[in-house]
Structure formats: structure tokens, C-alpha cells
Amino acid sequence: MHAARTVGRSVRISVALGISFVVGVAAPLSVRAQQAASAGVPDAPTFTRDVAPILQRSCENCHRPDGVAPMALVTYEDARPWARAMKLRTSIGPKAGVMPPWYVEKNIGIQQFHNDPSLSEDEIATLAKWADSGAPRGNPADLPPPKVYADNKAWAIGTPDLIITMKEVEVKSNAPDWWGEIPSVPTGLTEDRYVAALEIKEVNDVDTHSSLNRATVGGRFVVHHMIWRTQVIDPTKDQSLDPLSFLLDEETVNWPVHEVGRNADFFDPKSARLLKAGSSIVSDSVHLHSNGRDTKAHLEIGFKLMPKGYTPTYKRAFIGLGNGVDIDIKAMEPNQQLHAYTVLQQHTKIISFEPHLHAPGARMCLEAIWGYNIQTLNCVGYDHNWVRGYDYTDDSAPLLPKGTILHIIGYMDNSPTNKNVPDPRNWQGSGNRSVANMFIDLGMRVVLTEEQFQQEMATRREHLHVTKNDHVIGCPLCNVLPPPPRATGGPQQ
Ligand code: HEC
Numbered sequence: 003m004h005a006a007r008t009v010g011r012s013v014r015i016s017v018a019l020g021i022s023f024v025v026g027v028a029a030p031l032s033v034r035a036q037q038a039a040s041a042g043v044p045d046a047p048t049f050t051r052d053v054a055p056i057l058q059r060s061c062e063n064c065h066r067p068d069g070v071a072p073m074a075l076v077t078y079e080d081a082r083p084w085a086r087a088m089k090l091r092t093s094i095g096p097k098a099g100v101m102p103p104w105y106v107e108k109n110i111g112i113q114q115f116h117n118d119p120s121l122s123e124d125e126i127a128t129l130a131k132w133a134d135s136g137a138p139r140g141n142p143a144d145l146p147p148p149k150v151y152a153d154n155k156a157w158a159i160g161t162p163d164l165i166i167t168m169k170e171v172e173v174k175s176n177a178p179d180w181w182g183e184i185p186s187v188p189t190g191l192t193e194d195r196y197v198a199a200l201e202i203k204e205v206n207d208v209d210t211h212s213s214l215n216r217a218t219v220g221g222r223f224v225v226h227h228m229i230w231r232t233q234v235i236d237p238t239k240d241q242s243l244d245p246l247s248f249l250l251d252e253e254t255v256n257w258p259v260h261e262v263g264r265n266a267d268f269f270d271p272k273s274a275r276l277l278k279a280g281s282s283i284v285s286d287s288v289h290l291h292s293n294g295r296d297t298k299a300h301l302e303i304g305f306k307l308m309p310k311g312y313t314p315t316y317k318r319a320f321i322g323l324g325n326g327v328d329i330d331i332k333a334m335e336p337n338q339q340l341h342a343y344t345v346l347q348q349h350t351k352i353i354s355f356e357p358h359l360h361a362p363g364a365r366m367c368l369e370a371i372w373g374y375n376i377q378t379l380n381c382v383g384y385d386h387n388w389v390r391g392y393d394y395t396d397d398s399a400p401l402l403p404k405g406t407i408l409h410i411i412g413y414m415d416n417s418p419t420n421k422n423v424p425d426p427r428n429w430q431g432s433g434n435r436s437v438a439n440m441f442i443d444l445g446m447r448v449v450l451t452e453e454q455f456q457q458e459m460a461t462r463r464e465h466l467h468v469t470k471n472d473h474v475i476g477c478p479l480c481n482v483l484p485p486p487p488r489a490t491g492g493p494q495q
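One gets my numbering by counting positions in the sequence shown from 1 and adding 2 to each.
Given below as C-alpha cells:
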């Protein structure tokens, strides 16, 4: 089945259910729904047959020896003591604390994302039932073959075509946090090239095999984050006169922020990013954080390049969606809302949704307002310990006509229940530090010409079998079918 078909289908099912309630057949339907929901939960789940496949798919990439998580969940011996904790942490819904750390709300909006590790209702119920029935091992013959992982030094993007090594820093065991500018490093590129994928690694002298250093990423690395760009530095211009001049400079490209523990970034093949000849890596915002022992470290930036001669089909959209100026979060109050809007000046395809909030952030929704329509594209939980981006699949990425208003709603919890807030008695305003706030959707978007927009919608209609009665979330014009081609006067069947 096309995963994306469910976009239209789920809407039709909910309409049908609504009608059934009115005519009074709600009871048999809900019984049937319940049966359907539990069909995938085994009566007596075992580790080898039922639990191991779930852990392999959604947990092991972090919970394995050498992974970022505090304990491995690979073997029965690893997982058995954590049975109840796994039940708890997988069943709390899409909000801070849930495992795996993925916060898309499943009852609203678009549901098809690349690399979605989240568990189904059945899988959550299977883990719970396994824990409740004494966490049995089961038949060893049922165990799926172990998954093999590349070692941590391998690049997730494959061997990079270009690696830039940044200058080494030393962070002392007792050093305070440091935040500032670092020396620029030339890329050495002599021709313009486009970037298909990007990955940043911190290379340091921490001994990860010592049990003292097992902990989590905070105990292993010292470069907490780096906001950076590539820029052709022009020595004839005095850039100190206007430190923000690079924002208006076409030769400057901003790249995804490096954050400790962040995955590699793969760019949309139709809109790869330009790395200019003669450009340098420039950063005036590096944050260093001591890990408790003297550490020497440097970053390596690996680029996978598009073939020579590649040109992007789609241009990147430069849309500011957020409020960084007058955020006003009251003390000791949960559930406060922030709102920000922008009007799309061109047809736009939304490639990803990436809520960026700070400590009080608990949730963000993205809405598209087009004519009389208000569509909630997505609502996701937020945990400032786990900043995540969500990449839409090609058949689910919103296709929005120009004139659409994008609206983000931030839900902020500045109360003692939010463990990420150091002291909720403080009012919070805007700013860069974690004790101040940001409210932005950092997602990627591309602009489409009229022809590209029509073509994308035609493909979508074909893949999803859209009729004029369907309502496709994220594509308000998908069900406006173009008129059939006019008869040309030749013989007709
Ligand atoms: C992206 C990496 C990642 C994935 C995927 C992931 N975890 Fe975790 N997990 C962590 C990290 C890091 C922690 C410790 C920090 C925290 O609690 O958020 C953790 C904590 C936990 C804890 C709490 C441990 C304690 O000390 O109480 C449990 C239980 C857990 N994970 C289970 C799971 C299960 C089950 C899955 C899969 C369904 C999973 N995790 C998927 C990284 C991950």
C-alpha cells in the first residue's frame, strides 16, 4: 500500500465514524475498533519473538554499547531489568520523556515522515504486556539476527568528498561555559559545488572505553553547539562596520546548526545547497561546555557533494517564521501560548518542520490558512533536551499556494512541572541563552514556479488517487482537479 494513501483514507474513515454515531451503531463499531487495535498484541509476548524486533527498529541505535543512551537494550540480559521503565517511557504519549524521543501527535495532521522511529499502539501495548507478565525470555530460536552497526567513527553520509578540520580547542575540567567567535577556516574549494549531505563530528581525546565516561553525550563532548555559515570573505570590505552585513550577502549560506548529538543532514536532492568557491567556514557563536575533565577537541565538517554540473530544480525559500523579539512568558504558569505568522509570497513546498523553543517549550503546532480553510499541518511535543526536526516524505510534504498564511503556535510551560526550567518563578523574555527564549520554525522550504506547483500537485493526485471529494492535509488545491483536455475534433471513442 502507498503509505501516503492514508492521507485521504484516514479522513474518510473519521467522517464515516461520525455518521455512525448519529445513527446509533456506535457500540458495535467501537468494539470492532478495539478488536482491530489489539489484533497485533500477542497474548503472551516474549523477548525473543516480540520485544527484540521492536528494540532493534526503534531503540538500539542509541541503546547499544557505544550508543548515546545510558544503557544498552540489545540482549535479553540488557533489557530484562528495564522492562518496567520501558513500559513507562514508551506509554506517556508524544511529550517530554517519551521513548523513542519523537513527539509527533498521531491524532492530528500529516503522519508520513522519513525515518520515523515511533512505536505503534500495538508495539507500546506489547512492551507493557511483556513487562506485566514477568518479562519472559521466550524461545532463543525466535531471536532475529543481531543488527550490525558501523563503528562510531564512520560517517553516516558515506565517505565525505570534503572534510574541513576546525582549529583545536582545549576545555579545562573546571572551565566555565564559553560562548563566542572562532577563527574562520577556508574550505579550499576552487569551484562552486552543491552539497547533498553534511555531517559534523567532534574528535577529542576522551577515552570512551572507560566506564567513567559512559554517561551520555554531555560526558563525552565539549562543543555544545556551533551556529555557522560559509562566506566568501572579502578583505576589501570592512565587515566590522556592519556585523550583520552577511545577512544581505548572496555569497553567504547558512547551514543547520551543529548541536551535540545531532544527526547528519541530507538535503532535498532537488534543492541542494551551494558551497561557493573561495568560501570559508565562519562562526561567531560557538558554545563550549566542560565535561568535567581536561579535553582537547576539534570539529570535522564532512560534506558529500552533488556531481559536478548539478543545478538545483527548486530554489530555497527564505521565510522567517517566528518571533525572537518580544516573547513574554509569565512566571509559574503552564500552558501559555505564543503565536507567529507569515504570508507565503510564492508557491511553497515544506520539506521539514523543526520547532525551536527553549526550556519552557512544551509543544508547537503548524497551521496553514488558505481562503476559508484552516488546516493543522502538525502538532508536536517539545523537550528542550531533545531538539528534533521532522522531514516529510515526498508525498506528504505540504504544497501551499502563494497567499497561504503559515501560523505557528507555541505552548510554553513555565511551571514547576517542567523539569527543564531551572526556576519557574522567573519571567522569561527573548534571547539566545537557554534561560531566555526563542520561538521559531527552523524547517526547510523550497519555492515553486507555477508550473512546478501544478506538476507537484499532479504527481500527488496520481500517487494518492485524489478525487474532488478528498481533503488532503497540506495540499488545499490538490482536490481542485484541472479540467479534462478539450476534445480536438478528431475521431472519439
Ligand atoms: C535517539 C536516541 C534514543 C532512542 C532512539 C531511544 N532512546 Fe531511550 N534514552 C536515550 C537517552 C539519551 C536517554 C537518557 C536521557 C533521557 O532520559 O532522555 C534514554 C533514556 C531511556 C530510559 C530511561 C532510563 C532511566 O535511567 O530511567 C528508558 C527506559 C529508555 N530510554 C527506553 C527506550 C526504549 C524502549 C526505546 C525504543 C522504543 C528508546 N529508549 C529509544 C536515547 C534514546
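By construction, the Cβ of each residue, glycine as well, lies at the ideal position given by its N, Cα and C atoms.
Just so we're clear, the structure is a prediction, and the values are computed from it rather than from any experiment.
Where residue i falls: helix, strand or coil (DSSP)
| i | result |
| --- | --- |
| glycine 2 | A question about residue 2 goes unanswered here, because the residues of the chain that appear run from 3 up to 495. |
| arginine 427 | coil |
| proline 142 | helix |
| isoleucine 126 | helix |
| lysine 278 | coil |
| phenylalanine 455 | helix |
| arginine 91 | helix |
| lysine 131 | helix |
| arginine 365 | strand |
| leucine 483 | coil |
Residues that DSSP places opposite residue i in a beta bridge
| i | result |
| --- | --- |
| isoleucine 283 | Val187 and Thr232 |
| phenylalanine 115 | Tyr394 |
| glutamine 338 | Met414 |
| proline 357 | Asp443 |
| arginine 318 | Val448 |
| valine 474 | In DSSP, valine 474 forms no bridge with anything. |
| phenylalanine 268 | Ala199 |
| glutamate 204 | Leu301 |
Of the residues the options, the one placed nearest residue i, counting alpha carbons only
| i | options | result |
| --- | --- | --- |
| leucine 499 | Thr461, Lys306 and Thr406 | Since the first and last residues shown for the chain are 3 and 495, residue 499 lies out of range. |
| alanine 279 | Asp236, Gly99 and Thr451 | Asp236 |
| glutamate 369 | Leu90, His409 and Tyr413 | His409 |
| valine 449 | Phe223, Arg463, Gly433 and Leu402 | Leu402 |
| histidine 341 | Ile411, Thr395 and Ile321 | Ile411 |
| tyrosine 316 | Asn176, Asp153 and Glu458 | Glu458 |
| aspartate 52 | Arg427, Asn141, Gly221 and Gln338 | Asn141 |
| glycine 445 | Glu125, Lys404, His473 and Gly322 | Gly322 |
| tyrosine 2 | Met101, Gln113, His65 and Lys174 | As shown, the chain starts at 3 and ends at 495. That puts residue 2 outside it, with no answer to give. |
| aspartate 163 | Gln339, Thr189, Val224 and Arg447 | Thr189 |
| valine 234 | Phe223, Ser282 and Asn256 | Ser282 |
| proline 103 | Met168, Ser60, Pro314 and Glu172 | Ser60 |
| alanine 198 | Phe455, Phe269 and Gly160 | Phe269 |
C-beta atoms of residue i and residue j nearer than 8 Å
| i | j | result |
| --- | --- | --- |
| isoleucine 475 | glycine 182 | no |
| alanine 399 | lysine 351 | yes |
| isoleucine 353 | threonine 406 | no |
| methionine 228 | histidine 260 | yes |
| isoleucine 345 | isoleucine 184 | Inspection of the sequence shows that residue 345 is occupied by valine rather than by isoleucine. Cβ distance not < 8 Å, so valine 345 and isoleucine 184 don't count as in contact. |
| leucine 191 | leucine 90 | no |
| serine 436 | histidine 360 | yes |
| threonine 48 | aspartate 144 | yes |
| valine 70 | glycine 263 | yes |
| alanine 85 | tryptophan 132 | yes |
| asparagine 206 | threonine 92 | no |
| lysine 404 | glutamine 348 | yes |
| serine 285 | serine 175 | no |
| histidine 473 | aspartate 397 | no |
| alanine 66 | tyrosine 151 | First, the amino acid is wrong: residue 66 is arginine here, not alanine. The answer is yes: Cβ separation under 8 Å. |
| isoleucine 202 | isoleucine 303 | yes |
Alpha carbon of residue i to alpha carbon of residue j, nearest angstrom
| i | j | result |
| --- | --- | --- |
| threonine 254 | arginine 195 | 14 Å |
| arginine 231 | asparagine 325 | 22 Å |
| glycine 431 | methionine 366 | 18 Å |
| glycine 99 | asparagine 387 | 9 Å |
| alanine 158 | valine 43 | 34 Å |
| serine 273 | tyrosine 78 | 44 Å |
| glutamine 58 | valine 76 | 7 Å |
| proline 138 | alanine 54 | 12 Å |
| glutamate 107 | arginine 275 | 31 Å |
| serine 417 | valine 423 | 8 Å |
| glycine 221 | proline 96 | 27 Å |
| isoleucine 165 | lysine 310 | 17 Å |
| proline 119 | tyrosine 105 | 10 Å |
| alanine 29 | asparagine 380 | Unreliable positioning characterises alanine 29 in this predicted model, as indicated by a pLDDT of 35, which lies under 50. The coordinate reading is nonetheless provided below. If you take the alpha carbons of alanine 29 and asparagine 380, they lie about 30 Å apart. |
| cysteine 477 | tyrosine 312 | 29 Å |
| glycine 433 | asparagine 481 | 43 Å |
| glutamate 452 | valine 208 | 53 Å |
| aspartate 328 | arginine 318 | 27 Å |
heavy atom of the ligand PLP below 7 Å from residue i C-beta
| i | result |
| --- | --- |
| threonine 128 | No copy of the ligand PLP occurs in the structure displayed; its ligands are the ligand HEC alone. |
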